[in-house]
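Below: one structure, written as structure tokens.
Protein chains: 2
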Amino acid sequence: MDGPLLHQLADRLKALSHPARLKVLVTLAGGDGCQCGAIVAGLPLAQSTVSQHIKVLLEAGLIRGGTEKGRACYCLDAEALATLRRDLDILFSALHAPAPDAACEPEKAHV
Amino acid sequence: MDGPLLHQLADRLKALSHPARLKVLVTLAGGDGCQCGAIVAGLPLAQSTVSQHIKVLLEAGLIRGGTEKGRACYCLDAEALATLRRDLDILFSALHAPAPDAACEPEKAHV
DNA sequence: ATCGTTTATCGGCGATTTACGATGGACGGA
DNA sequence: TCCGTCCATCGTAAATCGCCGATAAACGAT
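Protein chains in written order, with our numbering: chain B, 15 to 125; chain H, 15 to 125.
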């Protein structure tokens, strides 16, 4: 887990760090098809705003698609999502503290 | 995966969506102890900036600790990290497209 | 040819983020 | 006591974000 790797991971996490964008992903996975209209309908946001969120997900490489013939058509990039999931697993594995002597519990707060 | 859940997950992901903060977590897991000084030394940032990143992680509940006696002492919140990992697993599971008829490949780009 | 629909992009606004230096408090050592 | 170190906080500047309405492009239908 060195510098560039963390940077790249942070970028993808940033794309996920907004409820609207998470909802877009879940909606796309819902099989309701790929229409953008359906996505807009499911969010309390203006169409232009949703379009921008989609753009963020596209640029992060988490979804694929575009506008084919007047109609938009987006879908999850399963491969990218799998890669992200794997990278997160690596991160969380790296985050397993190696038996800390419990020397770090200032107050543990109102237990 | 409904609204509030996505919102709460997005908040935690936001805390992770910066390379410096990821590095802080990895450093804390490195067992180098909990010193803030060690963290600052490992980052190309000013001490005040690092302190703010630590604050973000604290507020997200991903790390615990504080300043005990002049010296700072932080450590990963293993429980919170485990919860986050589980929530991410739920998300990624929800993101498994249910056999999309491959009807969504506008151009697949320059293959 | 003209409309209505769908979607992306532009311009702008307020809020938030990221970064820094400076300041101040708490502590240990000389 | 007087420094030096360590850390959090404040104030601030620059950049980015999140949102919107308006607009424009592409298309189908009339």
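Just so you know, even glycine gets a beta-carbon here, dropped at the ideal spot from N, CA and C.
{"Item": "Same chain, Cβ closer than 7 Å to Ala37(H), five either side skipped, listed in chain order", "Value": "Note on identity: in this sequence residue 37(H) is Lys, with Ala being the wrong assignment. Result list for Lys37(H): Gly56, Leu57, in chain order."}
{"Item": "Chain B within 8 Å of Val40(H), Cβ atoms only", "Value": "yes"}
{"Item": "Separation of Leu98(B) from Ile53(B), as counted between CA atoms", "Value": "23 Å"}
{"Item": "Span separating the alpha-carbon of Leu59(B) from that of Leu105(B)", "Value": "33 Å"}
{"Item": "Residue-level contact to chain B via CB, Ala94(H), 8 Å cutoff", "Value": "no"}
{"Item": "CA-to-CA distance, Ile68(B) to His110(B), given in whole angstroms", "Value": "34 Å"}
{"Item": "Straight-line Cα distance separating Ser62(H) from Leu90(H)", "Value": "20 Å"}
{"Item": "Proximal chain H residues relative to Arg99(B), where beta-carbon distance stays under 7 Å", "Value": "Phe106"}
{"Item": "Beta-ladder partner(s) of Gly79(H), from DSSP", "Value": "Tyr88(H)"}
{"Item": "Contact set between Ser31(B) and chain H, taken where Cβ atoms lie within less than 7 Å", "Value": "Ala24, Leu27, Lys28, Ser31"}
{"Item": "Cutoff 8 Å: Leu72(B) Cβ touching any chain H Cβ", "Value": "no"}
{"Item": "Partners in chain B for His21(H), counting only beta-carbon separations shorter than 7 Å", "Value": "Pro33"}
{"Item": "Whole-Å CB distance - Arg26(H) paired with Leu76(H), under 8 Å assumed", "Value": "7 Å"}
{"Item": "Gly56(H) - DSSP class collapsed to helix/strand/coil", "Value": "coil"}
{"Item": "Bounding residues of the alpha helix (DSSP H) (the contiguous stretch that carries Asp16(H))", "Value": "Unbroken run through Asp16(H): none, as it is neither H nor E."}
{"Item": "Beta-carbon proximity check, Val64(H) vs Ala108(B), cutoff 8 Å", "Value": "no"}
{"Item": "Backbone secondary structure at Ala34(H) - three-state DSSP", "Value": "helix"}
{"Item": "Beta-carbon proximity list for Met15(H), same chain, < 6 Å, skipping 5 on both sides", "Value": "Ala108"}
{"Item": "Candidates Arg100(H), Ala74(H), Leu95(H), Gly51(H): closest to Thr81(H) by CA position", "Value": "Gly51(H)"}
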